[in-house]
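In our numbering, the protein residues as written are 108 to 180.
For glycine and all other residues, C-beta sits at the position ideal for the given N, C-alpha and C.
This report concerns only the one structure given below.
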């Protein structure tokens, strides 16, 4: 089976879902623009955090103690 990710207008969702089901496929996930933007924001924050970890490991950025993190420095 092949998985395809597509973006369609909201009004086309029901027609497209019917076609997919008629062809023997299944709808795995449905997300709105708001959900997609939240997911994208979260993924970007995770990527940024991983970049910071990489920079600390490479000595390019100073690491912080737990006290400094909790104190907001």
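Straight-line spacing of the CA atoms in residue 169 and residue 147 works out to 28 Å. In the displayed model, residue 146 falls within a helix according to three-state DSSP. CA-to-CA, the gap between residue 129 and residue 140 works out to about 26 Å. Residue 127: member of the alpha helix (DSSP H) spanning 120 to 129, first to last residue. Look at residue 163 here: in three-state DSSP terms it is helix.
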